[in-house]
Structure formats: structure tokens, C-alpha cells
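A.B. asks:
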Amino acid sequence: MNAVSMSYDLSTNYFEIFALPRSYSVDRAMLDERYRKLQQTVHPDRFATATDQERRISMQQTALINEAYETLKDPVLRGRYLLELDGHVFEDNRSMTGDPAFLMEQIELREALAEVRGGPSPLEALGRQLELITSRFSALDDELSSWFGQPDRSFPDVAVGIIHKMQFYRRLEQEALELEFDLEDQTGLV
Amino acid sequence: MALLQISEPGQSTAPHEHRLAAGIDLGTTNSLVATVRSGQADTLPDASGRHLLPSVVHYRSGEDPRVGEEAWSGASGDPMNTIISVKRLMGRGVADVTAKDAHLPYEFLQGKPGMPLLRTAGGDVSPVEISAEILRTLKARAEESLGGELEGVVVTVPAYFDEAQRQATKDAGRLAGLNVMRLLNEPTAAAVAYGLDHAAEGVVAIYDLGGGTFDISILRLNKGVFEVMATGGDSALGGDDMDRVIAAWIREQAGIGEDVDPMLMRRLLHDARAAKETLTDQDEVSLRVSLTGAEEWTGTLTRERFDQLIGSLVEKTLSPCRRALRDAGLRSRDVSEIVMVGGSTRVPLVREQVSRFFGRELLVDIDPDKVVAIGAAIQADILAGNRSDDEMLLLDVIPLSLGLETMGGLVEKIIPRNTTIPVARAQEFTTFKDGQTAMSLHVVQGERDRVSDCRSLARFELQGIPPMTAGAARIRVSFQVDADGLLNVEAQEQVSGVQSSIEVKPSYGLTDPEIEAMLKDSMDHAQDDMNARRLREHQVEADRVLEALSSALAEDGDRLLTDEERAVVDEAARVLAQTRQGSDYRAIKRAQEQVEQASADFVARRMDASIRKAMAGHRIEDFE
Numbered sequence: 005m006n007a008v009s010m011s012y013d014l015s016t017n018y019f020e021i022f023a024l025p026r027s028y029s030v031d032r033a034m035l036d037e038r039y040r041k042l043q044q045t046v047h048p049d050r051f052a053t054a055t056d057q058e059r060r061i062s063m064q065q066t067a068l069i070n071e072a073y074e075t076l077k078d079p080v081l082r083g084r085y086l087l088e089l090d091g092h093v094f095e096d097n098r099s100m101t102g103d104p105a106f107l108m109e110q111i112e113l114r115e116a117l118a119e120v121r122g123g124p125s126p127l128e129a130l131g132r133q134l135e136l137i138t139s140r141f142s143a144l145d146d147e148l149s150s151w152f153g154q155p156d157r158s159f160p161d162v163a164v165g166i167i168h169k170m171q172f173y174r175r176l177e178q179e180a181l182e183l184e185f186d187l188e189d190q191t192g193l194v
Numbered sequence: 091m092a093l094l095q096i097s098e099p100g101q102s103t104a105p106h107e108h109r110l111a112a113g114i115d116l117g118t119t120n121s122l123v124a125t126v127r128s129g130q131a132d133t134l135p136d137a138s139g140r141h142l143l144p145s146v147v148h149y150r151s152g153e154d155p156r157v158g159e160e161a162w163s164g165a166s167g168d169p170m171n172t173i174i175s176v177k178r179l180m181g182r183g184v185a186d187v188t189a190k191d192a193h194l195p196y197e198f199l200q201g202k203p204g205m206p207l208l209r210t211a212g213g214d215v216s217p218v219e220i221s222a223e224i225l226r227t228l229k230a231r232a233e234e235s236l237g238g239e240l241e242g243v244v245v246t247v248p249a250y251f252d253e254a255q256r257q258a259t260k261d262a263g264r265l266a267g268l269n270v271m272r273l274l275n276e277p278t279a280a281a282v283a284y285g286l287d288h289a290a291e292g293v294v295a296i297y298d299l300g301g302g303t304f305d306i307s308i309l310r311l312n313k314g315v316f317e318v319m320a321t322g323g324d325s326a327l328g329g330d331d332m333d334r335v336i337a338a339w340i341r342e343q344a345g346i347g348e349d350v351d352p353m354l355m356r357r358l359l360h361d362a363r364a365a366k367e368t369l370t371d372q373d374e375v376s377l378r379v380s381l382t383g384a385e386e387w388t389g390t391l392t393r394e395r396f397d398q399l400i401g402s403l404v405e406k407t408l409s410p411c412r413r414a415l416r417d418a419g420l421r422s423r424d425v426s427e428i429v430m431v432g433g434s435t436r437v438p439l440v441r442e443q444v445s446r447f448f449g450r451e452l453l454v455d456i457d458p459d460k461v462v463a464i465g466a467a468i469q470a471d472i473l474a475g476n477r478s479d480d481e482m483l484l485l486d487v488i489p490l491s492l493g494l495e496t497m498g499g500l501v502e503k504i505i506p507r508n509t510t511i512p513v514a515r516a517q518e519f520t521t522f523k524d525g526q527t528a529m530s531l532h533v534v535q536g537e538r539d540r541v542s543d544c545r546s547l548a549r550f551e552l553q554g555i556p557p558m559t560a561g562a563a564r565i566r567v568s569f570q571v572d573a574d575g576l577l578n579v580e581a582q583e584q585v586s587g588v589q590s591s592i593e594v595k596p597s598y599g600l601t602d603p604e605i606e607a608m609l610k611d612s613m614d615h616a617q618d619d620m621n622a623r624r625l626r627e628h629q630v631e632a633d634r635v636l637e638a639l640s641s642a643l644a645e646d647g648d649r650l651l652t653d654e655e656r657a658v659v660d661e662a663a664r665v666l667a668q669t670r671q672g673s674d675y676r677a678i679k680r681a682q683e684q685v686e687q688a689s690a691d692f693v694a695r696r697m698d699a700s701i702r703k704a705m706a707g708h709r710i711e712d713f714e
């Protein structure tokens, strides 16, 4: 990218784009409101009759704001981003760290999900599974929040471990929702 | 015929002058053009007072093609040369078209890389050219009615259109001599027409069943911002398919064999459509089909039988609705309004099923045929800058994931579906062989894991990678999708800086030189006109740049530029203003580039300033 496209140099920090404090907990309503306000300022629709140059900058700025919004909205992406801002490289390897209890639960949850379809009332069973996943995820969210709240964050292994677990639940949730979609599609339910 | 919007030299548009703009709904069955006059958006009728232009083009030998109602009258007599539902062919390869639409009576020729050409009495034509004929007719209608040349238009596309289909639509606009300011998704356009009318807030579902396409979009409306949360659909499902099942039923009932000649098939489809329309408010319809000689078949189609015939088609629309809700993270109870769009939503079974699915009443008070064109006209009016005080903003998404082919024929998704556009994403790949100097990239679109199940958009190659051991090269592939939903892909080897980029279009589309050539072919004195056209284009662009710059300087020049910087910008602008009076378009282009270069920092500072202003008062003092 050249100097022009990097002009809004607060791109070095997504939090500053929205004038929000650099913190794991984000005020979602405020983020949404500021996102909309920024979009109204820079969106390509505001520059439809402008010169090619202005249109190009507008598109780049809008893409950047969209990316920042996506990142801050999502706990996993936000956590990773904060680690990166602290100077830690987040390795995206899927092999889990040595937490035997967690690994056991992983296997059990996957087995339970695989058995849902053949079970007596699959949608209800799935509903319970989804609830469990949501509560596990939310507990990890709290855990990560308090980790980021501590003054010394020079050893990120704990945070990396939590984020990996969150990613696991995220994938499991996706699979469960996909299965729910299939089941509903078959029965014609909403 | 004038092919491009051109202003006379010296007649440049003042900043607050009303610019002529229109919204065009380029539909499978019918097309419309609408515009905003005195704050009111309306569709424009032809000389006979008809608003809907049938999307039909009749090609004749040695004469200009006929479009619309006139072409329709030729349809049953000359089906091979009368092209209907061309929208279904847009952005498609011959293989897709013949496989999916085996019943089409046209004769297809294999064009270059997979692009279908139709053999007609008026010559071989591509779907893009056929669509351009329809657009030209609407352009002429609008310009006659508005008394001037259109400066810009918004053309609508189904939300579920993929990259190739969007690109084909934009090409058709260019070919028709239109300045396409934006491709707008049809359901989003409907939401605009509806939302502004009702000052709505909350979550709205737009169910859009047209002649040949189905879209479902879930939008959140909040203080003038229309945020598309998810979209889904089927770009080959619509009222046409209902006509087809009715025609097949008639054929069976009348004892006609499977091998129907094209003329009879057209008549059957025509009768089927009439029957479908009658069944909107009647319980049965009598049918009479003349067969060979004096033979005739008569029969009755009841609503009940009709509902059975189309049941599975209507059912097919509900799965995308469920999917879109899921993608938006919502349940049907979260949706506060359901807006019905498209002529096919007049079918009682459709209304019944959709109402049952969402568990509430439907909004049908805006004419479902006109609502998309009206929304497009409002957006065109805004983009043209005719209502600068307006806070309305549309934030749309891409309907299908974009990705790259990786080892083993699998797809690596770079941008997932329902991502807000414009968007830019990059991913790094590496070489897998020692000394590998080239890497081929295959850009695909779709949700499936295997490349063979997705749509191939383009292939290109990054060459000149310095030989390194396997895995040492770092190839960064960047995807950029603009506000029209069109993709641009760039690849760069990070260690050496070797670069390659592509505007994605070749697979089924036209290249820029091909469009130029087509434009040229359609002119009498090609070369002279091309040069004259180029000159005027560059003059218009130069005027636009100068005008934008001068109003920007008046607002912020003193605040954001030092005297020295100002002098440089002023000088470049002076040179451009002078060059613009001449007749050398290349010199004008160069002078304009000089201005852009000289004012680059200024433009960037202005953008920063406006962002800061938007966030003013929101600064958090204590960044921990």
C-alpha cells in the first residue's frame, strides 16, 4: 500500500478507529453506533460522483473500517487481535495444548453430536447441546476477559489456550447449527 | 444514437445542479426504469402509457432488433429469433445453460472461453448484447421523458447473483452507453422503497420471487442505515418455472408427446402464464389449445391442481429463507416485517406459505413489480448527489463465499458469504516444490468444499518467483470486493516483490477490448467517433476533477495546505484547465494524473479530517 491508502493512520489500531479504549470488553452498542457513523462518512456511496482517486481512497477506508468492525465484534478475533497488538504472534495450529480434561470433553461432545440424528427427539437434544456450548463459550469469554484485565500480560500462553478452546466451541457450534438446519429443513420447521 | 452521457464543453455541472439519474430494474420477464422528480420516485411509462417493458428482444435480418411489447408479438411466430428471459443466461457458460435450460428453443454457438452466443436472423449475439438492447430502450425512454441525457444509473441485480452474473450486467450497461454508478441488489432496493415509505426500524425480511430468480434478504434498519445481515436465494428459480410445469401438465393432458416443436411450446408457455395469472383471483381457469389441423384440446385447471403442480417450487424457496435467518443469527419471530417483491408473489400459494413460514402477515401494499425500480431510482438520486442532506446508507454483503483452489481440488475460503462490502482480505500461500518459479491461482465462488462444486471465476498465474526451497516463498493473495460486489485479485511474492493482478472476469465475461470493439461496431464512422468519444470522456472527467478540487480547496484549502503545497496544486489544476480546452485526449489524461498526484495528500487529509469530525467528542482520554 502506498502513503495515500494508509493515510488514516489510526489503522494501526482498530480500537482507535472507533475511539474505544483498547480493552477486551467492548461496548457493543457504542461500537455499532460509531460504525454506522463512520460508514456514513466514508462509504463509496458518498463518493459516487467524486474523482477516481477519492473513490479509491473511500473504498480502502471503508474496507478497513469493515475489517475493524468484524474484528472487534467477535470475541475470538478480538482476543487474537489484542494479543497481536501486545506483540505476540498467534499460531493457528489446531492441535490442542495438553489439557486432558478438555480433550476428553471434546471427544464426548463430538460423540453426543454424532448421535443426535439417530436419537428419539433430535431437535430437543440438539437444543440442549447448543445451550451447553453457549455456556461453555461464555465461561471462556469471562476467563479471557479477566486475563486481559491483569497488569502483566507478558506470558500469553494462558490466553492462547483459552482462545484455542473458544475456537473449538465455535467450530462445534457451527456443526451443531448446520445439523439443526438440516433437521429443520427436513421437517419443515422454522 | 449517442452512446455515452456527454456534456458539452464548458457546460460542466455545477455542484448543486440536479443531475439526471435513473434506476433500472432489468428483470427476467419485465424491465422498468424509474426516476425521482420533485422528491417523488416513480416508474416511467412508454408513449402508450405502459410501465413494464417485457424483457424480450426480437432479432430480424437486416433490421434493428425490436424490444418489448413489439418483440413479444413476434414471439410465437418466430421463437428462434425472439429471445426471452435472457437474464437466465447472463454470466453463464454454454455448458451451464444447455444443461439447466434444455427446453430453450435457441440455437447456441460455442463462443470463446465458454461464453454462449445465440444464432439469430440478426447475427450471432451474446446475452450481454441482448440485455444491452433492453437497457438502450429504457435509456431512450428515460431521456425522452426527462428531456436530457442520463448522467448515471443504478441497475439492480438479484442479491444471489454471483460475480460473473454481476460483471455481465455491468458490461451490458456499458454497452448500452450507460454510466452505471452502482449495481444494487434487488431486495435491498425494495427495502429502500419500502423503508423510506414506512420510516421503518427493526429487522425486515425481503422475499423476492421474480420471473427467473429468487432472493431472500434479511436487513436491519436503523436510523437510515440499511444493513444487510444475510442474503440467500436461487438465481434460477422463478415464475418461469411455474409456467413450465403448467405447460408440461397441459401437454400431458392434451396428449402431446414430449417432443414439442418450438412454436407450440411457446404457445403453451404463453397459455400457461395466462392461466397462472388468472388463478391469482379465480378458483379455476378454462384452457383451449389448438393442435395440428382443426384439432383442439379444452380443459380446466383448478387452483387446487395448480397448487399441487407448483408446491415443490414454492417449497424450494423456504430453505434459503431458513438459511438466511440462520446466517443472520435470528429466528423467524425476530423479523418484524416481511416485504413481498416480484410478480410471482401474487400467486396465492406463495403468500400463504411465506406467511405461514414467518408466522405473520405480509406487506404487499407497494406494487411488487415496481418496488425494485423505485428503490433503485432513490439510490441513483442519492448517488448522483441530488440529496446531500440525506442520511440514508446501504450496507450490502456478498452472497457467496470467495476462495482459492488449494491442493487436492479443495477450496480455501478467503471471504465468507454475507461479509459486508467493500471488503479487502489477504492470505499467504507458499510454494510446495523446490525451485518453483510460478504459481497458478484459481479463483472460485461458492459454499462447497470441493472446487468442482463451486463456480470457477478466473485463473491466473504469478510468474517470476525467484527459485527457493519449497515453503520458503511467501505469496500474499489479496481479494478486494468493491461496493458493486465485483472482485479484484492480486498476488505478490513477499520476498522478491514479484506481482500479478487480475480484474476477475474472463471465465464467462467480456474483456475490455471486446466491449470497446462492440461499441465501435455499433457506430457508423468508427474511428473518428471513437476518438471524439474518448476526447469528450476525458474532458468530462477533467471537468469533474477540477470541479471537485475547486470546491474542496474552497472548503479546506487554507486549513489543510501550506502556501507552498497550495501553489503546487493550483499550478497542476491550471495546466489541466488549459489542456482540457485542447483536443489531445492523451495530454488531458496526463494533466489529470498530474493533478491527482499533486493533490493526493490533500485528498487524504480531507478524508482523515472528515473521519475525525465524525468521531469528534468520542475520544477516550485514557487509553489505559
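Protein chains in written order, with my numbering: chain A, 5 to 194; chain B, 91 to 714. Note that CB positions come from ideal geometry on N, CA and C, so glycine has one too. If you're wondering where the values come from, they're calculated on a predicted model, not measured in any experiment.
Hey, Val379 of chain B and Asp361 of chain B: beta-carbon distance below 8 angstroms or not?
C.D. replies: Yes, these two residues count as a Cβ contact at 8 angstroms.
A.B. asks: Would you identify the three-state DSSP class for His168 of chain A, choosing helix, strand or coil?
C.D. replies: His168 of chain A: helix per DSSP, three-state reduction.
A.B. asks: Quick check: the Cα distance between Val164 of chain A and Gln154 of chain A, rounded to an integer number of angstroms?
C.D. replies: About 15 angstroms.
A.B. asks: If you run the structure through DSSP and keep just helix, strand and coil, what is Tyr297 of chain B?
C.D. replies: Tyr297 of chain B falls in the strand class under three-state DSSP.
A.B. asks: For the region 253-267 of chain B and the region 557-577 of chain B, state whether three or more C-beta atom pairs, one from each stretch, are separated by less than 8 angstroms.
C.D. replies: Yes: the two stretches touch, three or more of their Cβ pairs being nearer than 8 angstroms.
A.B. asks: Less than 7 angstroms between the CB of Gly647 of chain B and some heavy atom of the ligand MN, yes or no?
C.D. replies: By its list of ligands, the structure shown contains no ligand whatsoever, and the ligand MN lies outside what it can speak to.
A.B. asks: Flag this pair as touching only if the region 149-164 of chain B and the region 499-506 of chain B have three or more C-beta atom pairs under 8 angstroms; answer yes or no.
C.D. replies: The region 149-164 of chain B, when compared against the region 499-506 of chain B, does not touch it at the 8 angstroms Cβ threshold.
A.B. asks: Exposed or buried, Pro124 of chain A, counting other C-beta atoms within 10 Å across all chains shown (16 or more means buried)?
C.D. replies: Exposed: under 16 other Cβ atoms inside 10 Å.
A.B. asks: Can you tell me where the beta strand (DSSP E) with Phe195 of chain A in it begins and where it stops?
C.D. replies: Since the first residue shown for chain A is 5 and the last is 194, residue 195 of chain A is missing from the structure and cannot be characterised.
A.B. asks: Can you tell me where the beta strand (DSSP E) with Leu492 of chain B in it begins and where it stops?
C.D. replies: First-last of the beta strand (DSSP E) with Leu492 of chain B: Leu492 to Thr496.
A.B. asks: Could you check whether the Cβ of Gln196 of chain A sits closer than 8 angstroms to any Cβ belonging to chain B?
C.D. replies: Summary: the structure shown does not reach residue 196 of chain A, with chain A confined to residues 5 through 194, and so no result is reported for it.
A.B. asks: Does DSSP put Arg477 of chain B in a helix, a strand or coil?
C.D. replies: Reduced to three states, the DSSP call for Arg477 of chain B is coil.
A.B. asks: To be precise: take each residue of the region 58-70 of chain A, compare its Cβ to all Cβ atoms of chain B, and keep it if any distance is under 8 angstroms. Which residues remain?
C.D. replies: The region 58-70 of chain A vs chain B, Cβ under 8 angstroms: Glu58, Ile61, Ser62, Met63, Gln64, Gln65, Thr66, Ala67, Leu68 and Asn70.
A.B. asks: Ile296 of chain B and Ala320 of chain B: beta carbons closer than 8 angstroms?
C.D. replies: Against a cut-off of 8 angstroms, the Cβ pair of Ala320 of chain B and Ile296 of chain B comes out as no contact.
A.B. asks: Provide the residue(s) that pair with Lys503 of chain B in DSSP beta bridges, ordered along the chain.
C.D. replies: DSSP, once it has assigned bridges, lists B:Gly493 as partnering Lys503 of chain B.
A.B. asks: Helix, strand or coil for Met558 of chain B? Go by DSSP, reduced to three states.
C.D. replies: Met558 of chain B falls in the coil class under three-state DSSP.
A.B. asks: DSSP on Glu714 of chain B, reduced to helix/strand/coil?
C.D. replies: Per-residue confidence for Glu714 of chain B stands at a pLDDT of 36, beneath the threshold of 50, marking its modelled position as unreliable; the derived number appears in the next sentence. Coil, per DSSP.
A.B. asks: Can you say whether Arg696 of chain B is buried or exposed, counting buried as having 16 or more other CB atoms within 10 angstroms of its CB?
C.D. replies: By the neighbour-count rule (16 or more Cβ atoms within 10 Å), Arg696 of chain B is buried.
A.B. asks: Start and end of the beta strand (DSSP E) containing Met529 of chain B?
C.D. replies: Counting along the chain, the beta strand (DSSP E) containing Met529 of chain B begins and ends at Met529 to Gln535.
A.B. asks: Return the CA-CA distance between Ser434 of chain B and Lys366 of chain B, expressed in angstroms with no decimal places.
C.D. replies: Answer to the nearest angstrom: the Cα atoms are 10 angstroms apart.
A.B. asks: Tell me the rounded alpha-carbon separation between Asn120 of chain B and Leu639 of chain B.
C.D. replies: Taking the straight line from one Cα to the other gives about 42 angstroms.
A.B. asks: For Ser546 of chain B, which three-state DSSP category applies?
C.D. replies: In the structure shown, Ser546 of chain B sits in a strand (DSSP, three-state: E or B).
A.B. asks: Once DSSP output is grouped into helix, strand and coil, what is the label at Pro438 of chain B?
C.D. replies: Helix, per DSSP.
A.B. asks: Sort out for me which residues DSSP pairs Asp115 of chain B with in a bridge.
C.D. replies: Per DSSP, B:Leu122 and B:Thr246.
A.B. asks: Can you have a look at Gly561 of chain B and say buried or exposed, based on whether 16 or more other CB atoms are within 10 angstroms of its CB?
C.D. replies: With fewer than 16 other Cβ atoms within 10 Å, it is exposed.
A.B. asks: For Thr227 of chain B versus Leu143 of chain B, is the C-beta spacing smaller than 8 angstroms?
C.D. replies: Yes, the Cβ-Cβ distance between Thr227 of chain B and Leu143 of chain B is below 8 angstroms.
A.B. asks: Buried or exposed: Ile505 of chain B, going by 16 or more other Cβ atoms within 10 Å of its Cβ?
C.D. replies: It counts as buried.
A.B. asks: Under 8 angstroms Cβ-Cβ, which residues of chain A neighbour Ser700 of chain B?
C.D. replies: Simply Thr45 and Val46.
A.B. asks: Work out the CA separation of Phe448 of chain B and Arg413 of chain B for me, nearest whole Å.
C.D. replies: When rounded, the distance between both Cα atoms is 13 angstroms.
A.B. asks: Using the C-alpha atoms, what's the distance from Asp524 of chain B back to Tyr149 of chain B?
C.D. replies: Answer to the nearest angstrom: the Cα atoms are 57 angstroms apart.
A.B. asks: When Cβ atoms are compared, which residues of the region 164-184 of chain A fall closer than 7 angstroms to chain B?
C.D. replies: The residues in question are Leu181.
A.B. asks: Are Ala470 of chain B and Gly314 of chain B closer than 8 angstroms when you measure CB to CB?
C.D. replies: No, these two residues do not count as a Cβ contact at 8 angstroms.
A.B. asks: In terms of residue numbering, what span does the alpha helix (DSSP H) encompassing Met170 of chain B cover?
C.D. replies: That residue, Met170 of chain B, is in no alpha helix (DSSP H); it is neither H nor E in DSSP.
A.B. asks: Check the Cβ of Glu135 of chain A against every Cβ in chain B and list those closer than 8 angstroms, keeping chain order.
C.D. replies: Those within 8 angstroms of Glu135 of chain A in chain B number zero; the least Cβ separation is about 15 angstroms.
A.B. asks: Let me know the secondary structure DSSP gives Gln647 of chain B once reduced to three states.
C.D. replies: Rather than Gln, the amino acid found at residue 647 of chain B in this sequence is Gly. Note: Gly647 of chain B maps to helix in three-state DSSP.
A.B. asks: So what does Ser307 of chain B bridge to, in DSSP terms?
C.D. replies: Paired residues: B:Ile296 and B:Thr321.
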